[in-house]
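Data block below; observations after.
Residue numbers (the working numbering): 315 to 455.
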């Protein structure tokens, strides 16, 4: 009897471990390969519309830091100006996103975790700072 109970517990443990492993694998998302400048030139020469090329760049989440020579070379190769403008914007967006992440890392949480307020810890003061005999807040200009 004790062996059957042990086998059931072992089987249950293996089932839980396998479910956790498969659950972890299910959360992985597919990463599209980056779209190179040569691919964009080839797609433009194959008469692929600019919107489809831009969609492919968006899916791959590629950011381009283009030099003036690369821009002129793509324009001479027949790449649409909409595609070139979007490629230039990808670098600006990547820099902006990185700066936002840096700013978020330097954020100061004055009351501990940002979800909590000082009123969470004081049940005797369940209302906000503008409740009671306090003066009203100044109007916005």
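Yeah, the Cβ is synthetic: ideal placement off N, Cα and C, and Gly gets one too.
Quick caveat: nothing in here was measured; it's all calculated off a predicted structure.
6 Å Cβ shell around residue i - same chain, five flanking residues per side excluded
i	result
residue 396	364
residue 408	377
Nearest candidate by alpha-carbon position, reference residue i, set the options
i	options	result
residue 385	413, 354, 345	354
residue 372	383, 405, 387, 382	405
residue 381	318, 389, 330	389
residue 401	317, 350, 327	350
residue 348	327, 362, 374, 319	374
Nearest-angstrom Cα separation, counted from residue j out to residue i
i	j	result
residue 346	residue 377	13 Å
residue 358	residue 398	11 Å
residue 412	residue 418	10 Å
residue 368	residue 336	34 Å
residue 403	residue 415	18 Å
residue 383	residue 329	58 Å
residue 331	residue 324	11 Å
Close-in-space but distant-in-sequence residues of the same chain around residue i (CB under 8 Å, 5 per side omitted)
i	result
residue 334	none
residue 391	355, 358, 359
Residue i CB to nearest heavy atom of the ligand ATP below 7 Å
i	result
residue 415	This structure lacks the ligand ATP, and indeed carries no ligand of any kind.
### Query
Unbroken alpha helix (DSSP H) runs of length 4 or more, entirely within the segment 345-374: which are they?
Complete alpha helix (DSSP H) runs here, min 4: 351-359, 364-374.
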